[in-house]
Amino acid sequence: MTPGASLPECEFRGQRCIEIKLPQGDRALVSLFGAQVLSWQPAGFQEQLYLSPHSVMDGSAPIRGGVPVCFPQFNQRVLDRHALPKHGFARAAVWAPQPLVLTDTSAEAGFELASNAQTLALWPHEFAATVTVRLEPGRMQTRFSVRNTGPGAWRFALALHSYLAVNDITQTSLQGLDGCQYWDAVKHLHEPDVRSGQAAGAVRFAGEMDRIYSGVSNPMELVNASATLRITQSASLPDTVVWNPGKTLCANLNDMPTDGWKHMVCVEAARIHDPQVLTSGQSWSGWQQLACIPRA
Ligand code: TA6
Numbered sequence: 032m033t034p035g036a037s038l039p040e041c042e043f044r045g046q047r048c049i050e051i052k053l054p055q056g057d058r059a060l061v062s063l064f065g066a067q068v069l070s071w072q073p074a075g076f077q078e079q080l081y082l083s084p085h086s087v088m089d090g091s092a093p094i095r096g097g098v099p100v101c102f103p104q105f106n107q108r109v110l111d112r113h114a115l116p117k118h119g120f121a122r123a124a125v126w127a128p129q130p131l132v133l134t135d136t137s138a139e140a141g142f143e144l145a146s147n148a149q150t151l152a153l154w155p156h157e158f159a160a161t162v163t164v165r166l167e168p169g170r171m172q173t174r175f176s177v178r179n180t181g182p183g184a185w186r187f188a189l190a191l192h193s194y195l196a197v198n199d200i201t202q203t204s205l206q207g208l209d210g211c212q213y214w215d216a217v218k219h220l221h222e223p224d225v226r227s228g229q230a231a232g233a234v235r236f237a238g239e240m241d242r243i244y245s246g247v248s249n250p251m252e253l254v255n256a257s258a259t260l261r262i263t264q265s266a267s268l269p270d271t272v273v274w275n276p277g278k279t280l281c282a283n284l285n286d287m288p289t290d291g292w293k294h295m296v297c298v299e300a301a302r303i304h305d306p307q308v309l310t311s312g313q314s315w316s317g318w319q320q321l322a323c324i325p326r327a
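The numbering used here numbers the first residue of the sequence shown as 32 and each following residue consecutively.
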């Protein structure tokens with residue numbers, strides 16, 4: 032293991048990024064703005080993440096694509112007593128890169144953010160958080176860890192809001208959610224307690240979808256024409272958000288091309304319905320792993 036390898040920093044569309052590479056050819060790019068993975072291309076496969084070509088990239092707004100980290104709030108739905116921005120502040124903060132940790136078959140990059148005057152103005156709690164991006168051949172894991180460094184307890188929500196690239200959303204299916212209950216934010220936006228049950232069989236996409244599935248414990252598989260992606264998440268993240276804006280909502284998103292909805296779907300590892308409580312000094316972590324499955 033080679034801890035402390037010098038940082039392979041580069042610029043991508045105006046953002047400072049760290050490039051992570053494996054000798055096998057797998058490559059990922061992580062922006063310091065948001066500690067956000069912007070690209071993951073495993074050797075022998077296409078790019079696996081969707082990054083909007085119209086995304087704001089100057090740090091004045093969150094980046095549309097890759098793996099945004101939503102903390103300490105999900106959407107504007109969980110910590111309603113605080114004037115937090117939508118999806119929290121982590122995706123719009125500049126994180127500090129840590130030395131890479133390399134082996135012959137893995138590479139790990141860490142990014143740190145601690146509470147500061149800006150975060151305390153939005154959310155009056157002290158914390159130290161780390162995002163760790165780990166590559167192994169054909170696999171990427173994004174892990175979020177946080178410690179309560181303040182005197183009292185607080186609670187938070189989290190989502191690893193992964194934008195996955197697909198050739199054609201209408202020909203894509205998501206398997207593994209059979210039997211799970213979900214809240215449908217398109218049909219029941221103002222009835223957050225209404226639950227629907229996922230029928231057996233794959234989830235398919237025909238129009239706007241915005242659902243929070245709960246009790247997700249099985250691996251999921253995102254199947255599209257060119258590849259299958261296996262998606263797993265830690266038990267500490269029991270919810271999975273599935274989001275595609277569909278044609279109409281997409282046309283209203285300034286940072287998406289009009290046909291962007293066809294080429295992405297968000298499958299997010301999350302903790303929303305039951306926010307995590309951390310007492311003083313306590314730590315917590317949660318992760319999502321994406322793995323490319325070669326076609327037989
Ligand atoms: O995760 C799904 C969701 O909460 C949707 O409701 C939608 O708003 C999406 O996130 C994107 O949010 P954003 O603030 O990035 O435009």
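We treat Cβ as the ideally placed atom computed from N, Cα and C, and that holds for glycine. Note that the structure is predicted; figures quoted are calculated from it, not measured.
- [ ] Please state if the CB of Val132 and the CB of Glu143 are separated by a distance shorter than 7 Å.
- [x] Taking 7 Å as the cut-off, the Cβ atoms of Glu143 and Val132 do not count as close.
Open item on the list: Please classify Val308 as buried or exposed, where buried requires at least 16 other C-beta atoms within 10 Å of its C-beta.
Closed with: Its Cβ having fewer than 16 others within 10 Å, Val308 is exposed.
Task: Nearest-angstrom Cα separation, counted from His294 out to Gly238 - done: Gly238 and His294: Cα-Cα distance of roughly 13 Å.
TODO: Answer yes or no: the CB of Val109 versus the heavy atoms of the ligand TA6, is any distance below 6 Å?
DONE: No.
Task: Lys117 in three-state terms, based on DSSP - done: Three-state result, Lys117: coil.
Open item on the list: In whole angstroms, give me the CA-to-CA distance for Leu220 and Gly56.
Closed with: Approximately 44 Å between the Cα atoms of the pair.
- [ ] Answer yes or no: the CB of Asn106 versus the heavy atoms of the ligand TA6, is any distance below 6 Å?
- [x] In this structure, the ligand TA6 has a non-hydrogen atom nearer than 6 Å to the beta-carbon of Asn106.
Task: C-beta contact flag for Val197 and Val100 at 7 Å - done: Taking 7 Å as the Cβ cut-off, Val197 and Val100 do not qualify as a contacting pair.
TODO: Starting from Asp52, follow its DSSP beta bridges and name the residues at the other end.
DONE: Sequence check: residue 52 is Lys here, not Asp. Arg58.
Task: Given Lys52 as reference, the closest of Glu42, Gln46, Ala66 and Pro73 once Cα atoms are compared - done: Nearest option by C-alpha distance: Pro73.
TODO: Examine the ligand TA6 and report whether any of its heavy atoms sits within less than 6 Å of the Cβ of Asp241.
DONE: The nearest non-hydrogen atom of the ligand TA6 is less than 6 Å from the C-beta of Asp241.
Open item on the list: Please give the ranges of any alpha helix (DSSP H) in the segment 106 to 173, keeping only runs that are unbroken, at least 4 residues long and fully inside the region.
Closed with: With a minimum length of 4 residues, the continuous alpha helix (DSSP H) runs that stay inside the segment 106 to 173 are 148 to 153.
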